[in-house]
Amino acid sequence: MAVALATACAGGEPTLVDPGSVDAHAAEAADGAHAEGPRRSFSRPPSPVGMMERPVVFGRHTFDPSALARPKPIAPAVLNDAGWMTIQGSDERYFSNLGRPLVAELELATQPPYRAYAGAAEPRSFMRRPPGGPPCGPNETGSVVARWSGILASEWSEEALVFESYEGKLDRRTCRARAERGETVRAIGVVPGVLYAFKRCGVGCRSGDFEPAEDEVVFVAPPAEWVSSPSSPEEQAVPHVGTLTVVSVPLRAGSSASAALVLELENIDFFEALRSRTSEGFAGVGLVSKGLALRADVTWGTEEAKPSGVVFLSSLNLLPGSR
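Counting from 3, one number per residue, gives the positions in the sequence shown under our numbering.
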């Protein structure tokens with residue numbers, strides 16, 4: 003079959019396209035748009051895309067950001083008794099164990115960072131597979147910073163959950179980490195069972211870069227297909243989208259910020275199954291629902307004494323006859 007050759011505008015690899023295809027016509031159109039430079043064709047997905055309705059807003063939940071709880075240090079006795087984590091495995095699989103019954107994710111500060119799933123009974127994660135086996139074993143030496151955080155399974159309901167975070171050092175020979183510090187916070191269900199929130203000191207505040215201290219609102223949700231927020235460079239470089247989603251927005255007087263999440267129903271089901279619940283879904287009448295879109299807005303006007311928060315819920319539906 004004859005093909006046309008189009009070159010990526012940004013200097014990428016050439017792309018082969020069928021001359022009779024939409025891609026070929028796109029390449030020809032690109033020729034006029036880039037008469038002085040290279041051309042690029044954009045390929046369609048390999049399978050048909052279902053026709054989506056415009057999102058249907060069906061819910062609105064308000065909350066008070068100033069009333070959200072802040073993390074507190076974990077008691078030394080709990081830290082000493084249960085502040086540990088182990089991970090073992092090979093290139094094909096790994097096994098992790100935590101001192102606390104958390105639905106969690108863990109990170110080892112290697113280069114590149116090693117991130118894995120931990121804690122829930124169901125061995126399923128929406129994170130990328132770790133790059134090979136854990137960076138520890140009988141032949142390894144030294145230590146590496148280890149962090150793990152997640153939901154305390156025994157303190158999780160539609161109305162609230164307890165979120166815990168730990169940080170310490172992993173012994174690279176024994177593959178065991180001991181926490182040096184930890185925090186715990188009770189996050190409220192701003193959208194019961196789906197979206198939870200708490201408040202904490204922002205990245206700059208935690209590092210001592212900003213004065214006065216600056217807060218942020220942190221949202222905990224099911225694994226998201228898509229997330230957008232004005233998060234810090236630190237959070238953008240290390241997105242927490244795996245067993246759960248953790249995303250934050252700044253909280254400061256005279257400004258506003260939003261976080262947007264798109265959740266597929268199977269991900270909501272998975273999230274709720276971790277606390278032995280079943281999602282009822284968000285299907286509209288006569289439509290096939292693919293998921294839920296959330297937009298959480300935090301606003302603090304210059305004339306307002308305290309901030310306000312609102313979450314809009316939209317159903318993502320396929321048109322009849324689409325799949």
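Glycine residues also receive a C-beta, built at the ideal position from the N, C-alpha and C atoms.
From a predicted model like this one, the values you see are computed outputs, not experimental measurements.
Beta carbon of residue i nearer than 8 Å to that of residue j
{"i": "alanine 148", "j": "alanine 106", "result": "no"}
{"i": "alanine 181", "j": "leucine 81", "result": "yes"}
{"i": "valine 249", "j": "alanine 259", "result": "no"}
{"i": "glutamate 166", "j": "leucine 104", "result": "yes"}
{"i": "leucine 70", "j": "lysine 201", "result": "yes"}
{"i": "valine 59", "j": "serine 230", "result": "no"}
{"i": "phenylalanine 65", "j": "alanine 226", "result": "no"}
{"i": "proline 350", "j": "leucine 267", "result": "Because the chain here runs from 3 to 325, residue 350 falls outside it and cannot be looked at."}
Range of the contiguous alpha helix (DSSP H) that encloses residue i
{"i": "isoleucine 270", "result": "267-275"}
{"i": "leucine 154", "result": "No alpha helix (DSSP H) holds leucine 154; the beta strand (DSSP E) holding it covers 145-158."}
Chain-order list of residues whose beta-carbon lies under 6 Å from that of residue i (same chain, five-residue window excluded)
{"i": "arginine 279", "result": "Any reading at arginine 279 must be qualified, since the residue scores a pLDDT of 45, below 50, and its modelled position is unreliable; the value itself is stated next. There are no such residues."}
{"i": "glutamate 169", "result": "Arg149 and Arg183"}
{"i": "lysine 171", "result": "Ser145"}
{"i": "valine 193", "result": "His63 and Val313"}
{"i": "proline 115", "result": "Glu109"}
Simplified DSSP state of residue i, which is helix, strand or coil
{"i": "alanine 181", "result": "strand"}
{"i": "valine 196", "result": "coil"}
{"i": "serine 230", "result": "strand"}
{"i": "proline 140", "result": "coil"}
{"i": "leucine 294", "result": "strand"}
Close Cβ partners of residue i (< 7 Å) along its chain, the five nearest in sequence each way excluded
{"i": "serine 257", "result": "Trp302"}
{"i": "serine 49", "result": "For serine 49, the predicted structure reports a pLDDT of 49, less than 50, and the residue's modelled location is therefore unreliable. The matter cannot be settled from this model."}
{"i": "valine 300", "result": "Pro67, Val219, Val251, Leu253, Ser258, Ala259, Pro309 and Gly311"}
Cβ-based neighbour list, residue i, same chain, cut-off 8 Å, excluding 5 preceding and 5 following
{"i": "tyrosine 96", "result": "Ile89, Gln90, Ala118, Pro132, Gly135 and Pro136"}
{"i": "alanine 162", "result": "Arg188, Ala189, Ile190, Gly191 and Tyr198"}
{"i": "glycine 152", "result": "Leu104, Val105, Ala106, Glu107, Ala120, Gly121, Phe165, Glu166, Thr245 and Leu246"}
{"i": "lysine 74", "result": "Glu185, Thr186 and Val187"}
Straight-line Cα distance separating residue j from residue i
{"i": "serine 233", "j": "alanine 84", "result": "31 Å"}
{"i": "valine 264", "j": "glycine 195", "result": "15 Å"}
{"i": "leucine 100", "j": "glycine 139", "result": "18 Å"}
{"i": "threonine 176", "j": "leucine 110", "result": "14 Å"}
{"i": "leucine 276", "j": "glutamate 305", "result": "43 Å"}
{"i": "proline 21", "j": "alanine 298", "result": "Reliability fails at proline 21, whose pLDDT of 36 lies under 50, so the model's placement of it is uncertain and the value that follows must be treated cautiously. About 45 Å."}
{"i": "tryptophan 228", "j": "threonine 112", "result": "26 Å"}
{"i": "threonine 186", "j": "glutamate 160", "result": "18 Å"}
{"i": "asparagine 269", "j": "alanine 223", "result": "10 Å"}
{"i": "phenylalanine 221", "j": "arginine 174", "result": "33 Å"}
Residue i: CB within 7 Å of a non-hydrogen atom of the ligand MN
{"i": "valine 313", "result": "Only the bare structure without any ligand can be found here, which leaves the ligand MN out of the picture."}
Span of the beta strand (DSSP E), counted from its first residue to its last, around residue i
{"i": "aspartate 66", "result": "Per DSSP, aspartate 66 belongs to no beta strand (DSSP E) and is neither H nor E."}
{"i": "histidine 110", "result": "One detail in the question is off: residue 110 reads as leucine in this sequence, not histidine. Looking at the DSSP string, the run of the beta strand (DSSP E) that includes leucine 110 is 104-110."}
{"i": "alanine 120", "result": "116-120"}
{"i": "proline 252", "result": "247-253"}
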